[in-house]
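With mature numbering (1 follows the signal peptide of the UniProt record, and there is no 0) as the guide, the letters of the sequence shown map in order to residues -18 to -1, 1 to 312. Ideal Cβ positions, reconstructed from N, Cα and C, are used throughout, including at glycine. Okay, structure first, notes after.
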Amino acid sequence: MKKVFVFILLLHLQQVWTDIYYKHCVHWTYSKGFDLLDFTERVVLNDVIIYYYDSQPLRRKMPCPEWINSTTGREHWRTVQILSDHNEHVFHLGLQSAIEQFNQTGLLSDRNIYQASGCCLRYPNGTHEAQLTHAFNGEDFISFDINRKTFVAAVPQAVKYKNLREREHAIIEEVATYYKTMCLKRLDIFKKAPGLQIQKVPEVRIFEKQKAGSITVTCHVTGFYPRAVQVDWLGPDLHPVDEGVTDVLPNEDGTYQTRKSVTVSEEDVGKHTYSCVVLHSSVEHNITTVWVGEKHTGIAVWTSLACIGFLAAGTGFAIWWRCRTRDAVI
């Protein structure tokens, strides 16, 4: 028999913080021998493509979209367009240098791929970071130290390319400046893209699996958009139960799903409650689902509470979880 319990959770949340952020990236690929376009460039904010360019003959560069309606925004867009040609040249040099230094001759020289990503991230607490990394055939090749304004070779074969790039002192300064300041300014412009305004609320379901001496309880969260989400299990003491990180995976309809599990020993089943707390930008505060196991039957009973800021008199604790997305190349 199932029993349903409704709990007003008295949560002290000062130690818990969501990692939802804006992530503005440019991804480049230069390939040879894979029946792909030689060069592609994608400017992405979170998972929304803002700008796309490739080496297809006679391809026109994307015009400035109507939602960029400021003079500053249009200037940024023109800069992105102009840099596409420069970036195609830079990554062609990277591919050729890697092929030569790894001594990829004969058949080995026919199928190679050079990839790079440059990103800046803004976190909810106002902090930010940036990074630029290159890879050759799926392995780390070189990265850029923004503060020291120098390239760092991940393998000896990248030293030649490092020296080649660092001869261009003016461009090195521009790269460092971009990742320190300009990338975040561009992020603020691009976050107005229509695709970033879509919000879909997560659906939460709990299921369990019996094991020898324990029960694995899984919180499955699906149907949410955008991708950024935080899922935590809170134990009996209302502190997070950390059992590893799980991936966020795409659904066929463009939304996302993830899951997080907690292991409960058989002797603790029925004695304690566990809460799956989901933070997402589509929900003003959070979605909390409570699991209580029955020791004799192994049946889980749970209820979902949309936490909307309960104040618990006499406790001094308050629920006030907010999903914040305002505070996350060359």
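Straight-line CA distance for Glu266 to Arg241? 21 Å
Rounding to the nearest angstrom, what Cα-Cα distance links Glu48 and Lys5 in this structure? 22 Å
Excluding sequence positions up to five away, which residues of its chain have a Cβ less than 6 Å from the Cβ of His278? Confidence at His278 is low in this model, with a pLDDT of 46, below 50, so its placement is unreliable and no value can be given for it.
Just how far apart, CA to CA, sit Gln179 and Tyr207? 10 Å
Buried or exposed (CB count within 10 angstroms, at least 16 for buried), Ile124: Its Cβ being crowded by 16 or more others within 10 Å, Ile124 is buried.
Spell out the partners DSSP gives Lys173 in its beta bridges. For Lys173, which the question treats as bridged, DSSP gives no partner whatsoever.
Taking Cβ to Cβ, would you say Val157 is nearer than 8 Å to Pro184? It is not a contact, given that the beta carbons lie outside the stated cut-off.
Which residue spans inside the region 89 to 140 form an unbroken beta strand (DSSP E) run of at least 3? Within the region 89 to 140, the complete beta strand (DSSP E) segments of 3 residues or longer fall at 94 to 104, 110 to 118, 121 to 127 and 132 to 135, listed in chain order.
So for residue 383, helix, strand or coil by DSSP? Residue 383 is absent from the structure shown; the chain starts at -18 and stops at 312.
Going by CA-CA distance only, name the one from Gly120, Tyr34, Gln97 and Asp229 that's closest to Pro212. Checking the sequence, you will find Gln at residue 212 rather than Pro. Of the candidates Gly120, Tyr34, Gln97 and Asp229, the one whose C-alpha sits nearest the C-alpha of Gln212 is Asp229.
Taking the alpha carbon of Phe16 as the reference point, which residue from Asn94, Asp170, Lys174 and Gly217 has its own alpha carbon closest? Selected option, being the one with the closest Cα: Asn94.
Check whether chain B comes within 8 Å of Thr270, counting only Cβ atoms and requiring the distance to be less than that. Absent from the structure: chain B. Only one protein chain is present.
Between Leu18 and Asp36, what straight-line distance do the alpha-carbon atoms span, to the nearest angstrom? 10 Å
To which residues does DSSP link Lys14 through a beta bridge? Asn94
Counting Cβ pairs closer than 8 Å, one from the region 94 to 107 and one from the region 135 to 151, do we hit at least three? Contact between the region 94 to 107 and the region 135 to 151 is not established, with fewer than three Cβ pairs separated by less than 8 Å.
Under 8 Å, do Phe84 and Tyr12 count as touching if we go by C-beta distance? no
Beta-carbon contacts of Ile32 that lie in its chain and below 8 Å, excluding the five residues immediately before and after: Val25, Val26, Phe172 and Ala175
contact_flag[the region 187 to 199, the region 246 to 264] where n(CB pairs < 8 Å) is 3 or more: yes
For Lys182 and Thr237, believed in contact at Cβ under 8 Å, the rounded distance: 6 Å
Neighbour-count burial assignment, Trp284, 16 or more Cβ in a 10 Å radius: With a pLDDT of 43 at Trp284, under the threshold of 50, the modelled position of that residue is not reliable, and no figure is offered here.
Can you tell which of Arg104, Arg42 and Asp67 has the C-alpha that lies nearest to the C-alpha of Asn28? Arg104
Can you tell me where the alpha helix (DSSP H) holding Ser66 begins and where it ends? Thr53 to Gln83
Report the three-state DSSP secondary structure of Asn268 (helix, strand or coil). strand
Closest by C-alpha distance to Trp10, when choosing among Leu146, Val199, Ser66 and Glu150: The shortest C-alpha to C-alpha distance from Trp10 to any of Leu146, Val199, Ser66 and Glu150 is the one to Ser66.
Considering only residues of the same chain and omitting the five flanking positions on each side of Lys191, which have a CB-CB separation below 6 Å? Hits under 6 Å: Thr198.
Strictly by DSSP, which residues pair up with Leu216? Pro222 and Ser257
Could you please give the first and the last residue of the uninterrupted alpha helix (DSSP H) stretch that includes Glu156? His151 to Thr159
Per the DSSP calculation, Thr36 is bridged to which residue(s)? Before going further, note that residue 36 is Asp rather than Thr in the sequence given. DSSP output for Asp36 lists Thr22 as bridge partner(s).
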